[in-house]
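Undergrad: Chains as they are written, first to last, in the numbering used here: chain D, 811 to 1025; chain U, 439 to 1456; chain Y, 6 to 475.
Heads up, the beta-carbon is just placed ideally off N, CA and C, and yes, glycines get one too.
This one's a predicted model, so the numbers in the text were calculated from it and none came from an experiment.
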Amino acid sequence: MAVIFPKSSDIILKVLGAVVALGAVGATAAYTYYTWPTVIDTGYQPAQPIPYSHKLHAGQMGIDCYYCHSTVYRANFAAVPSQTTCMKCHMQVKKDSPRLALLRQAADTGEPIQWVQIHRLPDYVYFSHQAHLSAGVSCVSCHGRIDQMIEVRQEKPLNMAWCLECHRNPEANIRPAELVTKLDWVPDRDPAEIGREIIAQKHIEPPTNCSGCHR
Amino acid sequence: MSSRTSLISIQSANPTGKKYWRSLNDLADTAGFREFVHREFPAHASEMLDGKSRRTVLKLMAASFGLAGLTACRRPVEHIVPVINASDAENYAPGEPFFYSTVHSMGGHVTGLLVETHDGRPTKVEGNPDHPHSLGAATAFEQASVLEMYDPDRSRRVLQGGKETRWADFDGAVSKLGFGDGAGLRFLSETVTSPSLNDLRTQALKKFPKAKWVEYDPISRDAELAGTALAFGQQLYVHPHFDQASVIVALDFDFLGLDSPSPFMTKLFSKGRRVESEEDLDKMNRLYAIESQFSITGATADHRLRMKGSDVRQFAMDLAAALGAMPGLNVVGNGGADKRAKFLAALAKDLKSAGAKALVTAGPRQPAAVQAIVALINQSLGSACVTYTKPVIDKSNSGVDALKALTGEMSSGQVSTLFILGGNPAYTAPADLQFVVALSKVQNSIHLGLEEDETAAAAKWHLPEAHYLESWGDQATSEGLGAIQQPMIEPLYSGRTASEIVAVAIGNKETKAHDIVKNYWTAQDTFNKPGNKQDAWKKALHDGVIAGMKTAETLKVTVDAKKLATALAAEPKAPTGGIEVGFYPSSSAWDGRFANNGWLQELPDSMTKLTWGNAAMISPATAKAQNLLDGDIVTLSRGAVKMEAAVMLQPGHADDAISIALGYGRQKCGSVGRGVGFNANLIRTSDAFWFAPGFAIASTGKKHLHATTQEHGVIDSLHASAERQNDRPLAREGTAAEYKKNPKMIEEMAEVPELHSIYPELKYDKGYQWGMAIDLSSCTGCNACVIACVAENNTPVVGKDQVIRGREMHWIRIDRYYTGDENDPQTIEQPIPCMQCENAPCENVCPVQATSHSPEGLNDMAYNRCVGTRYCANNCPFKVRHFNFLNFHKRGDEPVNLTVGTRLAEPEITGLVYNPDVTVRMRGVMEKCTYCVQRIEEVRIHAKVDGRRQIKDGEIKTACQQTCPADAITFGNINDPNSRVTKLKKQERNYAMLAELDIKPRTTFLAKLRNPHPELGA
Amino acid sequence: MSAVIQDPALIEVNPPLVAGDPSYHDLTEKVSQIVEGDVLKTPTKYWITLSITSIITVLLGAMLTFLVWNGIGVWGNNRPIGWAWDITNFVFWIGIGHAGTLISAILFLFRQKWRTSINRSAEAMTLFAVMCAGIFPLFHTGRPWRAYWLFPIPNTDLNLWQNFRSPLIWDVFAVSTYFTVSALFWFTGLVPDLATLRDRATSRIKQVLFGFFSLGWRGSARHWNNYEKAYLILAAISTPLVLSVHSIVSFDFATSVIPGWHTTIFPPYFVAGAIFSGFACVMTLLLIARWTLNLQELITIKHLENMNKIILVTGSIVGYAYACEFFIAWYSGDIYERFTFLNRAFGPYWWAAWSMYTCNVFIPQLYWFRSMRRNLWVMFIISITTNIGMWFERFVIIATSLTRDFLPSAWGFFHPTWVDMCTFFGTIGLFLTLFLIFARFLPMIAISEVKGVLAVQKQQFKGQREIVTK
């Protein structure tokens, strides 16, 4: 009787199998890669209502982070400066620069400026700025070299795995507490060594259990 | 103030002040996600699109799940908004809680409070340790009042003849009314405890000499005043000092529960119950309770005698006779050698021996006669445990008789203008007064109230009242100690206070509550001491009490026994016979004012465990005699009055008597409380205000299903009956004497073999190791901890139908077990939070490690990891894990019908009451007590930031511990030999429930010790 | 069996496995015609049954949608009864799924020739039952869209793994493995028959389809050699599975602390129960097939009687287990354990417990009588009651143990909702639908294997046909 499948179809079948197998592997790989926060979150750099340059203010002028983000060392959340803070200088400086029109308007109306948020954690994560700063974790560790960014960009993935890396072995990110806002700080010796000393002396033990961050 | 209000406007965008990575409303903005939601995830489509990130928090996981679907999508924009005003920024930090002192008044009882606010939202009410009537504790009512403030069903409109109008119109209308000499002007208010309001009252009565001001509360302290008037010839407040007494008698007085809306009585009483050393065993006080309904005071008592409310009078007489307090009086009430006789004899002996340390008290339901006899007994015993003071605020025209007189005037048309300042008399007034009819005869009836309730509907004008948490005021305790009531937030629904209305009525210049209060107090000499008035005012606000003010001095008064005897003899004989119905405050609705409060409606009554309704409580024996079964609906009728109510069997209730809670069956009420329970006011009359004999019971043949949290589903009496309830060594108790003889007795109640785990034993010997000890001797089962937990941990209200299905969500529940004879049992109350087992059965069965152990011995629960297999809950021997069977936090206004039952929907605005430090759980996840881990972490962080290393003992308090009026709950570091909890756990009466399972619970119990009179036995 | 039997008397006690001694061709014809018959000419009663079962399957879909939409609350589950009909049905279906592999693998290894004409449908049944079972662990989770967390998938975001101490994780592995192996086993067995159908196929489509799935089978000696090897290996692999799967399912309960669950006897007890219910279910299906497709010659009374013997044995083992539980409860002296078993028999769920004892222990005892074992009506009814009984067994163990555990304050009661009922009903619909499709479009009887048996039989009964046929 007539042959339904020629001999070649064996090969085809095998190839087909191989393709399916590879496809599955590829799909998993792709999924893993594209759900990686490093891929989907880092580099987020939205345009702000006022083209405020951290590079200029924090970098060149060297205004301390605390000056504007005044609550970070005593509260869990970082406050955003109100227009009054800005106006302290901009009453005199760049009084009538068109780029500050929105700021002046805000100052007059008292309506807050709608800054675009960049660094965000899930709602069920309880991150405390004061805890990290007092332990000696610098702004750089999570926000990168803000003082070199004209417009702020998310540098780190801020996902759980990433958090845990540091919580498991923090030494590399621990520095003397008074230096946390010195983003350009260059340690004279191995930072990990410095970190270890501080950890020993402050008994820093970052939590790695659920309730450390989820409540 | 300004700072907080300005914050409201900011925070309304996002109540938590916290910003989130990919919160749901953002997601909703991406078409891709919306499409995805509808494709993959229809269940949440609707919820995802609504606001309040804190509430929808757990759906974030759905959101990150969304990522899988749209990996390519860029992140949508979310805004951060700065605090506008720099001066706020100084002291304000987003997300950091602030505490403000204030004061709450109910039925003549005043409690000082501390209120926690988050970003301008009051979220939790605590007791104020500096206030003598709080001493740091707060009752369930006070704590739940924060939910009442957010209640969307609260009145928010000025109504004239049912039509909406504006405040301006009202002010205009009032200014037009000329009151002349006030002949037709009447004020009807709840018990006035506010000095500034009282000041306005005197002004008003001065300006309009013929006007009258009547005070009426359906549950008040009038009996106390009438009693002292009878005994001493003048109205006095009675102050029992439970902490100094060694023998205490409570005649129909539930001072640990509903008869003391301020927690301090429990605080004082528990001082005499606490056993922490050998000596304490001998120092323990002894409590005798004589009552009709089984109250938690009766449950705590060492001896309880049940009798009808009306029989208490005779018992008091007999006690006076037995003590020889009243010459020429003989014991007549005893029927031979019955329990009563033995009880009375032992009691008399005990009181005599106690002498100055004896204390006899009578409850607010007992008539003046009993109050007077009690005063006489205390006098003859030379008791040093009771003092009397004159009311600082005149009470001469208050109570049900005053109301009767007023309604008389109203119906005879003598009243042209009636101001009803708070309260809901149309609902609470005795049935025979026909208040609504009388009210219709008044030309200008003006009602100020929190709700558009029965009275609002009957009055010509209705005005929205400002809630005490959102308005300025002041309250003075019965001793006259004042405290300022400061607002946490600006009135949500543009309400006004009673004082503001009176000020307008009498045409004062200052009509703002703040000015009224501040001017009143700064005029007082307390504030005129050298130094700045402002500072004194600030201090008063800060402390929550007005330090150093002159309060009413205690009077040296005596009862003339002869006079009293003749007065009593002259009293008409009260009718008896038939079934006697007694009226009680509801542990959920009080007098009806809390009917629309979901937290309270779902709070199981301490004794009956009944939620969402009341019932006609009846003893099993009487039920048998009347051949009634639990849940039968009966008609109770007496002359003209009748009502329908469902019967509930209450072991230990007095025979031939029915107790029924007030405050239910509200018709004009918010969606939560409308039509819940049976309205007992229909059969409450002014002549028999507290208990009425001669009722007939007739079964209607209809059935009612009680929503109880403890017995639900237990249908066969075999294993559920009173005797069988505590045949397991779970809630352990003994008498002080036995315990002294054999301290091992508690441990010996359960056999614990040598145990080995198949998993390597973990060492918990480093750092902090959290543990808890609960003293069953102190615990009264008052429920304060349950509400504290609900408020602290955002646990949802599920509604009656879900409670019936056994899905209530309280993280801490209070188990009630009966022992002994079904008709006269003893009761023990046992709070059950999560035991935080070291070998937790729940942990090793969770497939995804959503629950696992912290190095500090906490049984952590990561809601965002939970997939909801419910395996952990099945394997929990204590059943303290609670599953979100439905989306209990879903918004809506009416109950949601699922065709397989209904679920109570949570109104939008009540989302503001959430504690932002605790995740709000979505449906499908398990939740449980975590020893308030958010509080632990908060203190830990502050300890670190302050550079302190060690957290002090007692620095962390769990919500339940903080509010416990009996200080029964102790939490701390069991790794610290000097911590209080470690010391308590060292006691021999400390035991772990189900230790034989090798689960090593961190929560242990201190067995209940009773202190019975040797002649009566346990 | 290989030895040639001369004594006619022996034939009486040991009748042939294939009645009427058909020729190989008759056999092929008999089985194939069911498959090959013109679809349009299929008896209408088939279509009616199929459409009914399909509608029930749709109902299942509707129920699951409703469930995911609203949450587990639409079921009767509550606190303390976290698991009720959901897990009951899961264990019930897994149990049913046991007979297939048992018949195919274990009986094959024991060279029980009589299995040949029933193993195919038993295996199919296994697959379908396991599919039905699989629905419940997935949908009983509060957030099914998160159920994939139960599988150890690499997750770069959280770096979190499963809790390998949890019996539920063991379940995930046990059940998925069992399904895979059973499927392979079933398919391997099908290959030669598919080839037969391919060769007999008249239309091009059928040729291509059967051709593709018969993997180029030519029936050469080498093919047969490999085939037998593969079959043997698969049998060897799946034999331990039969025991492991239900043992592991039983661990869900045995490893917990709840009285009534925490019992070391569970693994053997569950396996026996599973085989018991599995055989009963095969019996039900076979009897129906035997009538509707008149396969009396291939599925003889002897097959059925042998199965009944197994049902009798396993039923009695289960009965023994029940007795043991009670004895241990008393012997342990543990008040909670004692109460649980008293409560089981005399508490509010007494009716569930007693219907389980009756159906599983008492009724099967009828099989001590040969007449009963060979009476088609009796065995049909018992096969049904057995499965009712086994469903109750799971319900009694799972739900009623939960209703009243340690703290009386936390006692509860379970009321199923209509969603519970329709969901279970729906899975029955799904099961039947799949089976009907299988029965119509694939050879229900392993032609090749039966031929093997026939061959032996032919030489045995050479010259003795008259005895056989009389």
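1) So, do the region 981 to 992 of chain D and the region 1306 to 1322 of chain U have three or more beta carbon pairs nearer to each other than 8 angstroms?
2) For Y:S37 versus Y:T201, is the C-beta spacing smaller than 8 angstroms?
3) Would you mind working out which of Y:F440, Y:L309 and Y:W266 sits nearest Y:I403, comparing C-alpha positions?
4) Could you check if U:R711 is buried or exposed, using at least 16 other CB atoms within 10 Å of its CB as the buried criterion?
5) How would you write the range of the beta strand (DSSP E) that Y:S243 sits in, first residue to last?
6) Output yes if chain D places a C-beta closer than 8 angstroms to the C-beta of U:E586; else output no.
7) By the three-class DSSP mapping on this structure, what secondary structure does D:R930 have?
8) For chain Y, find out if any of its Cβ atoms is closer than 8 angstroms to the Cβ of D:I814; answer yes or no.
9) As a quick exercise: from U:L668, U:V1019, U:V798 and U:E890, pick the residue whose alpha carbon is nearest that of U:T1004.
10) Going by DSSP, what residue range makes up the alpha helix (DSSP H) through D:Y841?
11) Taking C-beta to C-beta, are U:I939 and U:F1032 nearer than 8 angstroms?
12) Under 8 angstroms, Cβ to Cβ, is there at least one residue of chain Y near D:N969?
13) Could you check whether U:T845 and U:L871 sit closer than 8 angstroms to each other, using their CB atoms as the reference points?
14) Output the distance between the C-alpha atoms of U:A843 and U:I944, rounded to the nearest integer angstrom.
15) With a cut-off of 8 angstroms on the beta carbons, I'd call Y:R84 and U:R1359 a contact; round off their distance for me.
16) Hey, is U:H1320's beta-carbon within less than 8 angstroms of any beta-carbon in chain Y?
17) Compare the C-beta of Y:S414 with all C-beta atoms of chain U and state if any pair is closer than 8 angstroms.
18) Under a Cβ-count criterion, where at least 16 other Cβ atoms within 10 Å of its own Cβ denotes burial, should D:D933 be classed as buried or exposed?
19) Per DSSP, what kind of secondary structure is U:W910 in: helix, strand or coil?
20) State the CB to CB distance for the pair Y:V180 and Y:V250, rounded to an integer number of angstroms; the pair is presumed to be in contact (CB under 8 angstroms).
21) I need the straight-line Cα distance from Y:V455 to Y:I238, nearest angstrom please.
22) Is the beta carbon of U:R803 sitting closer than 8 angstroms to the one on U:W1128?
23) Have a look at U:H476 and U:I1347 and give me their C-alpha separation to the nearest angstrom.
24) Looking at the strands, I want to know which residues DSSP matches up with U:T561.
25) Can you tell me whether D:R909 is helix, strand or coil according to DSSP?
26) How would you list, in chain order, the residues of chain D whose beta-carbon sits under 8 angstroms from the beta-carbon of Y:D162?
27) By the criterion of Cβ-Cβ separation under 7 angstroms, what are the contact partners of U:I1379 in chain D?
28) Whole angstroms are fine: how far does the CA of D:Y876 sit from the CA of D:V947?
29) Are the beta-carbon atoms of U:W1249 and U:C1217 separated by less than 8 angstroms?
30) Three or more C-beta pairs closer than 8 angstroms, one from the region 812 to 830 of chain U and one from the region 1070 to 1082 of chain U: is that the case here?
31) Can you tell me the Cα-Cα spacing of U:E1453 and U:G1051, whole angstroms?
32) Kindly indicate if chain Y contains any beta-carbon less than 8 angstroms away from that of U:R1440.
33) Within the continuous beta strand (DSSP E) that includes U:I1347, where are the two ends?
34) Where does U:Q581 land, buried or exposed, given buried means 16+ other C-beta within 10 angstroms?
35) Identify the continuous alpha helix (DSSP H) that holds U:P609 and give its terminal residues.
36) Quickly, what does DSSP pair U:N1428 with across the bridge? List them, please.
TA: Based on what the coordinates show:
1) Contact between the region 981 to 992 of chain D and the region 1306 to 1322 of chain U is absent: fewer than 3 CB-CB pairs across the two stretches fall below 8 angstroms.
2) Position 32 of the third sequence, counted from the first residue, corresponds to residue 37 of chain Y. Position 196 of the third sequence, counted from the first residue, corresponds to residue 201 of chain Y. Yes, these two residues count as a Cβ contact at 8 angstroms.
3) Residue mapping note: residue 403 of chain Y aligns to position 398 of the third sequence, counting from 1. The candidate whose alpha carbon is nearest that of Y:I403 is Y:W266.
4) Position 273 of the second sequence holds residue 711 of chain U. Answer is buried; the Cβ neighbour count reaches 16.
5) Start at 1 with the first residue of the third sequence, and residue 243 of chain Y comes out as number 238. Here Y:S243 belongs to no beta strand (DSSP E); instead the alpha helix (DSSP H) covers A226 to A259.
6) Here residue 586 of chain U refers to the residue found at position 148 of the second sequence. Not an interface residue.
7) Translated into positions along the first sequence, residue 930 of chain D becomes position 120. DSSP places D:R930 outside both helix and strand once states are collapsed to three, so it counts as coil.
8) Taking the first sequence and counting its residues from 1, one reaches residue 814 of chain D at position 4. Between D:I814 and chain Y, the shortest Cβ-Cβ separation is below 8 angstroms.
9) The count along the second sequence starts at 1 and reaches residue 1004 of chain U at position 566. Comparing Cα-Cα distances from U:T1004 to each of U:L668, U:V1019, U:V798 and U:E890, the minimum goes to U:L668.
10) Within the first sequence, numbered from 1, the residue matching residue 841 of chain D stands at position 31. Where D:Y841 is concerned, the enclosing alpha helix (DSSP H) stretches over S818 to Y844.
11) The sequence position of residue 939 of chain U within the second sequence is 501, counting from 1. The sequence position of residue 1032 of chain U within the second sequence is 594, counting from 1. The answer is no: Cβ separation not under 8 angstroms.
12) Position 159 of the first sequence holds residue 969 of chain D. Interface residue, yes.
13) Here the question's residue 871 of chain U lines up with position 433 in the second sequence. Here the question's residue 845 of chain U lines up with position 407 in the second sequence. Yes, they are a contact pair.
14) Here residue 843 of chain U refers to the residue found at position 405 of the second sequence. Here residue 944 of chain U refers to the residue found at position 506 of the second sequence. The alpha-carbon separation between U:A843 and U:I944 amounts to approximately 24 angstroms.
15) Sequence index remark: in the third sequence, residue 84 of chain Y carries index 79 (1-based). Sequence index remark: in the second sequence, residue 1359 of chain U carries index 921 (1-based). The C-beta separation of Y:R84 from U:R1359 comes to about 15 angstroms, leaving the pair out of contact by the 8 angstroms criterion.
16) As a position in the second sequence, residue 1320 of chain U is number 882, starting the count at 1. Yes, contact with chain Y.
17) As a working note, residue 414 of chain Y is residue 409 in the third sequence. True, the Cβ-Cβ gap to chain U drops below 8 angstroms.
18) Locating residue 933 of chain D in the first sequence gives position 123, counting from the first residue. By the neighbour-count rule (16 or more Cβ atoms within 10 Å), D:D933 is buried.
19) Along the second sequence, read from residue 1 onward, the residue named residue 910 of chain U stands at position 472. Note: U:W910 maps to coil in three-state DSSP.
20) Residue 180 of chain Y sits at position 175 when you count from the first residue of the third sequence. Residue 250 of chain Y sits at position 245 when you count from the first residue of the third sequence. That belief holds up - the Cβ atoms of Y:V180 and Y:V250 are roughly 7 angstroms apart, short of 8 angstroms.
21) Start at 1 with the first residue of the third sequence, and residue 455 of chain Y comes out as number 450. Start at 1 with the first residue of the third sequence, and residue 238 of chain Y comes out as number 233. When rounded, the distance between both Cα atoms is 20 angstroms.
22) On the second sequence, residue 803 of chain U is found 365 positions in, with the first residue counted as 1. On the second sequence, residue 1128 of chain U is found 690 positions in, with the first residue counted as 1. Yes. Within cutoff.
23) In the second sequence, the residue the question calls residue 476 of chain U occupies position 38. In the second sequence, the residue the question calls residue 1347 of chain U occupies position 909. Note that U:H476 has pLDDT 39, beneath the 50 cutoff, so the model's placement of it is unreliable and the number below is only indicative. So the two alpha carbons sit approximately 27 angstroms from each other.
24) Taking the first residue of the second sequence as 1, we reach residue 561 of chain U at position 123. The partner list for U:T561 (beta bridge, DSSP) is empty, contrary to what the question assumes.
25) Sequence index remark: in the first sequence, residue 909 of chain D carries index 99 (1-based). D:R909: helix per DSSP, three-state reduction.
26) Mapped onto the third sequence, residue 162 of chain Y falls at position 157. Contact annotation for Y:D162 against chain D: T845, W846, P847, N969, M970 and A971 [CB-CB distance below 8 angstroms, chain order].
27) Along the second sequence, read from residue 1 onward, the residue named residue 1379 of chain U stands at position 941. Those are S938, Q940 and A941, listed as they occur along chain D.
28) Within the first sequence, numbered from 1, the residue matching residue 947 of chain D stands at position 137. Within the first sequence, numbered from 1, the residue matching residue 876 of chain D stands at position 66. Computed Cα separation, rounded: 14 angstroms.
29) Along the second sequence, one-based indexing puts residue 1249 of chain U at 811. Along the second sequence, one-based indexing puts residue 1217 of chain U at 779. Between U:W1249 and U:C1217, the gap from beta carbon to beta carbon reaches 8 angstroms or more.
30) Under the 8 angstroms Cβ criterion, the region 812 to 830 of chain U does not count as touching the region 1070 to 1082 of chain U, having fewer than three qualifying pairs.
31) As a first step, residue 1453 of chain U must be located in the second sequence, where it is residue number 1015. As a first step, residue 1051 of chain U must be located in the second sequence, where it is residue number 613. Cα to Cα, U:E1453 sits roughly 41 angstroms from U:G1051.
32) Along the second sequence, read from residue 1 onward, the residue named residue 1440 of chain U stands at position 1002. No, U:R1440 lies away from the interface with chain Y (no Cβ there is under 8 angstroms from its Cβ).
33) Mapped onto the second sequence, residue 1347 of chain U falls at position 909. The continuous stretches of beta strand (DSSP E) do not include U:I1347, and DSSP gives it neither H nor E.
34) The residue you call residue 581 of chain U lines up with position 143 of the second sequence. Buried.
35) As a position in the second sequence, residue 609 of chain U is number 171, starting the count at 1. According to the sequence provided, residue 609 of chain U is Asp. The question's Pro does not apply to it. U:D609 -> alpha helix (DSSP H) spans W605 to K614.
36) Taking the first residue of the second sequence as 1, we reach residue 1428 of chain U at position 990. DSSP lists U:L1444 as partners of U:N1428.
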